[in-house]
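K.L.:
Residue numbers (the numbering used here), protein chains in the order written: chain A, 0 to 121; chain B, 0 to 121.
Glycine is no exception: its CB is placed at the ideal position from the N, C-alpha and C atoms.
Nothing here was measured: the structure is a model prediction, and the numbers come from that model.
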DNA sequence: CAGTATCCCGCTTGATACTG
DNA sequence: CAGTATCAAGCGGGATACTG
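Here it is in structure tokens:
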């Protein structure tokens, strides 16, 4: 049973989703967690070349605050922290797949009818 | 026939899609074009309160350059311009729907098991 | 190990004015 | 009607250094 959307509310709804996914490093982080993978802070530093500690921490905090990633702290010295997707975070897959499918569709549509110039802008 | 994705390439693929959709006004513009709607430049100015002429033109140019929106110019005085979705642009709907579905899923997952505190961060 | 704290820069956005 | 041009502000992100 889906909600009812007007042009304005639907745009707002999608914008809220995009805000959760925006951020230079969030998608790379997420794709390293899909499939039930569990990563530690230092794992991400190795898996994602170029990311700074500041950005890694910031993006993880935001994903956690948004309920997409869960953080599990083992209170020991030295500290150990594990990151994994929440159930909702895992449910993101179909939406991302749909985007990839849409991107793939581009080429097939362009090649399907490539000679259809109907007075486009110069 | 879907492509094959690694964590890195899938992230890049989704990022490319997000880049097409990012921009303060693009989604509002798109939702005013879904369903075969056709709009003129001045229509958007009325439909989208608060948008400046600069931003409207810029977002439309980008959507056009990305192949999502098509621009049809009638060479007359005063000029008349119509905007509509390309076939590929219309094909965006399922992807946006998937995002909205995911957002809706959040509440159902939260209410389903709301007492599952497994040592989250303080 | 797993972070915080500062400083700084570029890019997007907004405000305003002008035009074929 | 349908734009373009210019200038300034705000925010995300990068570099670097420090800490329980």
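Starting from residue 105(B), find everything on chain A with Cβ-Cβ shorter than 9 Å and list it in chain order.
P.N.:
If you number the second chain from 1, residue 105(B) lands on position 106. Those are 66, 87, 90, listed as they occur along chain A.
K.L.:
List the residues of chain B that residue 12(A) touches, going by C-beta distances under 7 Å, in chain order.
P.N.:
On the first chain, residue 12(A) is found 13 positions in, with the first residue counted as 1. Per Cβ cutoff of 7 Å: 99, 102.
K.L.:
Starting from the C-beta of residue 119(B), find all residues in its chain whose C-beta is less than 8 Å away, skip the five residues before and the five after it, and write them out in chain order.
P.N.:
Numbered from its first residue, the second chain carries residue 119(B) at position 120. Any answer about residue 119(B) is weak, because its pLDDT of 45 lies below 50 and its placement is not dependable; what the coordinates show is given next. Excluding positions up to five away in sequence, the list is empty.
K.L.:
Are the C-beta atoms of residue 95(B) and some chain A residue less than 8 Å apart?
P.N.:
Taking the second chain and counting its residues from 1, one reaches residue 95(B) at position 96. Interface residue, yes.
K.L.:
Given a cut-off of 8 Å, decide if residue 12(A) and residue 102(B) are closer than it, judged by their beta-carbon atoms.
P.N.:
Reading the second chain from its first residue, position 103 is the one you call residue 102(B). Reading the first chain from its first residue, position 13 is the one you call residue 12(A). A contact, by the Cβ cut-off of 8 Å.
K.L.:
Let me know if residue 6(B) comes out buried or exposed under the rule of 16 or more other beta-carbons within 10 Å of its beta-carbon.
P.N.:
Position 7 of the second chain holds residue 6(B). When all chains shown are included, residue 6(B) counts as buried.
K.L.:
Does residue 7(A) come out as helix, strand or coil in the three-state DSSP assignment?
P.N.:
Here the question's residue 7(A) lines up with position 8 in the first chain. The answer is helix: DSSP assigns residue 7(A) an H, G or I state.
K.L.:
Whose Cβ in chain B lies nearer than 7 Å to the Cβ of residue 6(A)?
P.N.:
Numbered from its first residue, the first chain carries residue 6(A) at position 7. Those are 30, 31, listed as they occur along chain B.
K.L.:
Are the C-beta atoms of residue 62(B) and some chain A residue less than 8 Å apart?
P.N.:
As a working note, residue 62(B) is residue 63 in the second chain. By this cut-off, residue 62(B) is not an interface position.
K.L.:
How many Å lie between residue 116(A) and residue 9(B) at the Cα?
P.N.:
Start at 1 with the first residue of the first chain, and residue 116(A) comes out as number 117. Start at 1 with the first residue of the second chain, and residue 9(B) comes out as number 10. Any reading at residue 116(A) is ruled out, since the residue's pLDDT is 46, under 50, leaving its predicted position unreliable.
K.L.:
Between 63(A), 45(A), 4(A), 53(A), which has its C-alpha nearest residue 20(A)'s C-alpha?
P.N.:
On the first chain, position 21 is the one that residue 20(A) refers to. The residue with the shortest Cα to Cα distance from residue 20(A) is 63(A).
K.L.:
Consult DSSP for residue 103(A) and reduce its assignment to one of helix, strand or coil.
P.N.:
Residue mapping note: residue 103(A) aligns to position 104 of the first chain, counting from 1. Of the three classes helix, strand and coil, the one that applies to residue 103(A) here is helix, per DSSP.
K.L.:
State yes or no: is the beta carbon of residue 45(A) nearer than 8 Å to at least one beta carbon in chain B?
P.N.:
For the purposes of this step, residue 45(A) is taken as the residue at position 46 of the first chain. Chain B, which has no Cβ nearer than 8 Å to the Cβ of residue 45(A), makes this no.
K.L.:
When the Cα atoms are used, what is the spatial distance from residue 17(B) to residue 17(A)?
P.N.:
Position 18 of the second chain, counted from the start, is the residue given in the question as residue 17(B). Position 18 of the first chain, counted from the start, is the residue given in the question as residue 17(A). Using only the alpha carbons, I get a separation of about 8 Å.
K.L.:
Checking contacts by CB at 8 Å: is residue 59(B) closer than that to chain A?
P.N.:
Residue 59(B) sits at position 60 when you count from the first residue of the second chain. Output row for residue 59(B): interface = no.
K.L.:
Within the region 16 to 94 of chain B, note down every full alpha helix (DSSP H) run reaching 4 residues or more, in order along the chain.
P.N.:
If we require 4 residues or more, the alpha helix (DSSP H) runs fully inside the region 16 to 94 of chain B come out as 25 to 30, 40 to 46, 52 to 64, 86 to 89.
K.L.:
Determine whether the beta carbon atoms of residue 25(B) and residue 87(A) lie at a separation below 8 Å.
P.N.:
Within the second chain, the letter at position 26 stands for residue 25(B). Within the first chain, the letter at position 88 stands for residue 87(A). No.
K.L.:
Sort 94(A), 23(A), 39(A), 47(A) by Cα distance to residue 61(A) and report the nearest one.
P.N.:
Residue numbering aside, residue 61(A) sits at position 62 when the first chain is read from its first letter. For the residues 94(A), 23(A), 39(A), 47(A), the minimum Cα distance to residue 61(A) belongs to 23(A).
K.L.:
Quick check: the Cα distance between residue 43(B) and residue 70(B), rounded to an integer number of angstroms?
P.N.:
Residue 43(B) sits at position 44 when you count from the first residue of the second chain. Residue 70(B) sits at position 71 when you count from the first residue of the second chain. C-alpha separation (whole angstroms): 13 Å.
K.L.:
Go through its chain and collect everything with a Cβ distance to residue 4(B)'s Cβ below 7 Å, but skip five positions before and after it.
P.N.:
The residue given as residue 4(B) occupies position 5 in the second chain. Within the same chain, residue 4(B) has close Cβ partners 12.
K.L.:
Consider the Cβ of residue 40(A): report whether some Cβ of chain B lies at a distance smaller than 8 Å.
P.N.:
The residue you call residue 40(A) lines up with position 41 of the first chain. Cβ-Cβ to chain B under 8 Å: no for residue 40(A).
K.L.:
When you compare the CB of residue 27(A) with every CB in chain B, is at least one pair closer than 8 Å?
P.N.:
Sequence index remark: in the first chain, residue 27(A) carries index 28 (1-based). Output row for residue 27(A): interface = yes.
K.L.:
With C-beta atoms as the reference, is residue 83(B) less than 8 Å away from residue 32(B)?
P.N.:
Taking the first residue of the second chain as 1, we reach residue 83(B) at position 84. Taking the first residue of the second chain as 1, we reach residue 32(B) at position 33. Yes, the pair counts as a contact, with Cβ atoms nearer than the cut-off.
K.L.:
Label residue 37(A) either buried or exposed according to how many other C-beta atoms from any shown protein chain fall within 10 Å of its C-beta, with 16 as the threshold for buried.
P.N.:
Walking along the first chain from the start, residue 37(A) turns up at place 38. That one is exposed.
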